[in-house]
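Heads up: the sequence shown is residues 61 to 629, going by this note's numbering. Following: one structure in structure tokens, then a few remarks.
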Amino acid sequence: KGQSNKMEFQAETRKLLDIVARSLYSEKEVFIRELVSNASDALEKLRYLQMQNESGIVSSESGDVGKKPTSLEIHIAVDDSKKTFTIQDTGIGMTKDEIIENLGIIAKSGSKAFIQEVEGKGGHVDKNIIGQFGVGFYSSFMVADKVEVFTKSYKPNEPAYKWQSDGLGTYELSEAENVQQGTKIVMHLKGDAYDFAKEDVVKGIIKKYSNFVGVPIFLNGHKVNVIQALWTMEPRDVTAQMHEDFYRFISNTFDQPRFYLHYKTDAPLNIRALFYVPEYKPTLFDMSRDTEVSLSLYSRKVMIMSKASNILPRWLRFIKGVVDSEDIPLNLSRELLQDSALIRKLRWVLTNRLIKFFLEQAKKDKTKYLQFYKDYGLFFREGIVTTTEQDQREEIARLLRFESSKLAPGELTNLDEYASRMKAGTRNIYYLSAPSRHLAETSPYMESLAQKDVEVLFLYENYDELVLMNLGQYDKKHLKSIENDAAEEATGTAAADAADATTAADGKVKESLSAEQCDDMIGWMQAVLGHRVNKVKTTKRLVTHPCIITVNEMGAARHFLRTALADRS
Ligand code: ADP
Ligand code: MG
């Protein structure tokens, strides 16, 4: 008793300690997250054992954990004059052997061993235990040159211990007096880390990383984490008011969410997510592709990355919320997380779910959806243009809405509805880009198609033709601008019939030029127009207009190009 043993870290541990302290974490402040996570784990383990004890599964061997219910809490105290940072929990604590195993050997995780032991016995620990790598504790040496750990195991008749180290080669271990059950860690901060003895700094960091940890965290006596981790709750238990408060909290705005999606799945990845679409209309600033996202990535309620820009594709940057996946390791640095296969998979699953969600909303409340589409539809167009997988592009395309030659002005339709009205055997979806309904309806391009009763979608936003051209096809049907030369071929019969219809329409048979006269005129026009045209030919497509200019594939983007070029000048 009272005697202190100097012990050496294992050789590997010494080397690893150096790496952890120097370079594993990109930011020093994460040591707080790591220690809070450990304290939370110690409490969760105790909670688990207490529950087992109550239900009589574990009795004598595990001691009297059930007898005196300890309140499960984390207390952090900072002292700016002494330059210390202290964290204490009322968790399971550690025995002497456990200290040597868990704090003396790096990459040894007592938490992982705990889970394995429980599961080995056929038990099941709640998904709340965070640790698994056995390196987090050593992050304390990034900021401290002396770390003292006081700990007393929950097991009866176990003495308390003090462990102490400078994080270099050795640590000291001795029995200690007056130690409460649980663990207390006192850190003596290094000169360049004195900020972590400041209450407001530490409070900000706790809120940033550990706001949703399942046990109360007190800082110098005041509770810090008051907001619940709604995403881990059962969706039916979360009220609209709770969503509203939570949305305001994470988005830092005062409006309300117009939509929310509470998504839970366990396959192919474990995901607990909450997504919100703001009530407000996006500003130009929100539209900018460089705008920061309000989406954070968590693992078991501990924040891994705020403003996580790669969890969803850029075009979904208007979504605010939280994604929690226990499949994502806490210890990955930002750089490693950037584009791992895991993140790509997560992004794929979430994107598909969100598209599905918007489709559901469109069905559920058409008016509300159309308002949303008016405000946010531009993002969908961007999605089509920037997504590389055709299947996903076509899914996004189902969200688009257009006026149509078959519907009254103001009424909107979608590609599925258009397809359902198509005549059997036809393969093309036609569209026309025009500045207004009137100009669309009186366009020479419309004449033959209108008479033949072919439906044409009207695109009033000039970038829409670029979007549809980019999409290329939808559900095996080709998207064609009626300005396109190929449109005539596709409706060859339509054009011919339309020409016949002229005769009937005004009762007079019009005189036409002879084949020779036609050739003469074509020759003359070609000579006059020169390079400006590719080809001049006769058509039966027109009824009242004398001539029409058709364009090749890319030429159909001329409306878009015209404004794009005008904007630049
Ligand atoms: P991990 O949390 O990934 O297991 P750490 O290096 O953070 O790795 O911690 C190593 C081990 O030390 C933990 O698994 C746990 O067994 C033990 N430990 C750390 N902090 C505490 C604590 N506050 N109470 C009890 N045990 C702890
Ligand atoms: Mg840990």
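We put the CB at the ideal spot given by N, CA and C, even for glycine. As the structure is a computational prediction, the values presented were derived from the model and not from experiment.
Q. Buried or exposed: where does residue 213 fall if 16 or more other Cβ atoms within 10 Å of its Cβ makes it buried?
A. So residue 213 counts as buried.
Q.
So for residue 520, helix, strand or coil by DSSP?
A. In the three-state reduction of the DSSP assignment, residue 520 falls in the coil class.
**Q.** C-alpha gap between residue 180 and residue 162, whole angstroms
**A.** So the alpha carbons of these two residues sit roughly 20 Å apart.
Q: Note down the Cα distance separating residue 376 from residue 354, rounded to an integer number of angstroms.
A: About 11 Å.
Q.
Taking the beta carbon of residue 150 as the centre, do at least 16 other beta carbons fall within 10 Å, making it buried, or is it exposed?
A. It counts as buried.
Q: Just list the beta strand (DSSP E) runs in the region 466-541, keeping only unbroken ones of 3 residues or longer that don't cross its boundaries, in chain order.
A: Listed in chain order, the beta strand (DSSP E) elements of length 3 or more contained wholly in the region 466-541 are 488-493, 516-519, 537-541.
Q: On the DSSP bridge assignment, give the partners of residue 242 in chain order.
A: Its beta-bridge partners are 212.
Q. By the 10 Å Cβ neighbour count, where 16 or more other Cβ atoms means buried, how is residue 254 classified, buried or exposed?
A. Residue 254 is exposed by the Cβ-count criterion.
Q: Let me know the secondary structure DSSP gives residue 69 once reduced to three states.
A: Coil.
Q) Taking the alpha-carbon positions, what's the residue 230 to residue 75 distance? A) Roughly 12 Å between the two C-alpha positions.
Q: In the DSSP assignment, find the unbroken beta strand (DSSP E) run with residue 134 in it and report its ends.
A: DSSP places residue 134 in the uninterrupted beta strand (DSSP E) bounded by 134-139.
Q. Residue 191 and residue 169: beta carbons closer than 7 Å?
A. Cβ atoms of residue 191 and residue 169: closer than 7 Å.
Q) What separation, rounded to the nearest whole angstrom, lies between the Cα atoms of residue 68 and residue 198? A) Going from the Cα of residue 68 to the Cα of residue 198 covers about 15 Å.
Q: Pick out whichever of 367, 606, 220 has its Cα sitting closest to the Cα of residue 234.
A: The residue with the shortest Cα to Cα distance from residue 234 is 220.
**Q.** Beta-carbon spacing of residue 153, residue 224 below 7 Å
**A.** For the pair residue 153 and residue 224, the CB atoms are not nearer than the 7 Å cut-off.
Q | Neighbour-count burial assignment, residue 121, 16 or more Cβ in a 10 Å radius | A | For residue 121, the pLDDT reaches just 45, beneath the cut-off of 50, and the residue's location in the model is therefore unreliable, leaving the point undetermined.
Q: Report yes or no: do three or more beta-carbon pairs, one from the region 422-440 and one from the region 495-506, lie closer than 8 Å?
A: Contact between the region 422-440 and the region 495-506 is absent, because fewer than three Cβ pairs lie under 8 Å.
Q. With burial defined as no fewer than 16 other Cβ atoms inside 10 Å of the residue's Cβ, what is the status of residue 66: buried or exposed?
A. By the 10 Å Cβ count, residue 66 comes out exposed.
Q. Residues in its own chain within less than 6 Å of residue 70 by CB, not counting five upstream and five downstream?
A. Shown here for residue 70: same chain residues with a beta carbon closer than 6 Å to its own, the five before and five after excluded, namely 165 in chain order.
Q | N-terminal and C-terminal residue of the beta strand (DSSP E) that residue 225 is part of | A | For residue 225, the enclosing beta strand (DSSP E) starts and ends at 220-225.
(Q) If you measure from each CB to the nearest heavy atom of the ligand MG and keep those under 7 Å, what residues do you get, in chain order? (A) Close to the ligand MG, as judged by a C-beta nearer than 7 Å to any of its heavy atoms, are the residues 94, 97, 98, 101, 171, 190, 191, 196, 197, in chain order.
(Q) At the level of alpha carbons, what is the spacing between residue 477 and residue 529? (A) The straight-line gap from Cα to Cα measures roughly 19 Å.
Q.
Would the region 260-273 count as touching the region 84-99 if we require 3 or more Cβ pairs under 8 Å?
A. Contact between the region 260-273 and the region 84-99 is present, because at least three Cβ pairs lie under 8 Å.
Q: Compute every distance between the C-beta of residue 149 and the non-hydrogen atoms of the ligand GTP, then say whether any falls below 6 Å.
A: The ligand GTP is not among the ligands present in this structure, which contains only the ligand ADP and the ligand MG.
Q) Is the region 458-468 touching the region 507-527, taking contact as three or more C-beta pairs under 8 Å? A) Between the region 458-468 and the region 507-527 there are three or more C-beta pairs closer than 8 Å, enough to call the two in contact.
Q: Would you check if the distance between the CB atom of residue 77 and the CB atom of residue 227 is smaller than 7 Å?
A: With contacts defined by Cβ atoms closer than 7 Å, residue 77 and residue 227 form a contacting pair.
Q. What are the boundary residues of the beta strand (DSSP E) that includes residue 333?
A. In the DSSP annotation of this structure, the continuous segment of the beta strand (DSSP E) that includes residue 333 starts and ends at 331-338.
(Q) Here's the rule: buried if 16 or more other CB atoms are within 10 angstroms of the residue's CB, otherwise exposed. What is residue 244? (A) Counting of Cβ neighbours within 10 angstroms places residue 244 among the buried residues, the total reaching 16 or more.
Q: For residue 541, count neighbouring Cβ atoms within 10 angstroms of its own Cβ and tell me buried if that reaches 16, exposed if not.
A: Flag for residue 541 reads buried.
Q | Straight-line Cα distance separating residue 113 from residue 95 | A | Approximately 27 Å between the Cα atoms of the pair.
Q: State yes or no: is the beta carbon of residue 294 nearer than 7 Å to at least one beta carbon in chain D?
A: The structure shown contains no chain D; it is built from a single protein chain.
Q) With 16 other CB atoms within 10 Å as the buried threshold, where does residue 97 fall? A) Residue 97 comes out buried.
Q. Quick one, which of 579, 210, 378, 422 has its alpha-carbon nearest residue 411's?
A. Checked all of 579, 210, 378, 422; the closest Cα to residue 411 is 378.
Q.
Whole angstroms are fine: how far does the CA of residue 381 sit from the CA of residue 312?
A. Their backbone Cα atoms lie some 11 Å apart in a straight line.
Q. Alpha carbon to alpha carbon, how far is residue 324 from residue 331?
A. In this structure, the CA atom of residue 324 is about 6 Å from the CA atom of residue 331.
Q: Please work out which residues of its chain come closer than 8 Å, Cβ to Cβ, to residue 389, disregarding the five sequence neighbours upstream and downstream, and give them in chain order.
A: 192, 193, 359.
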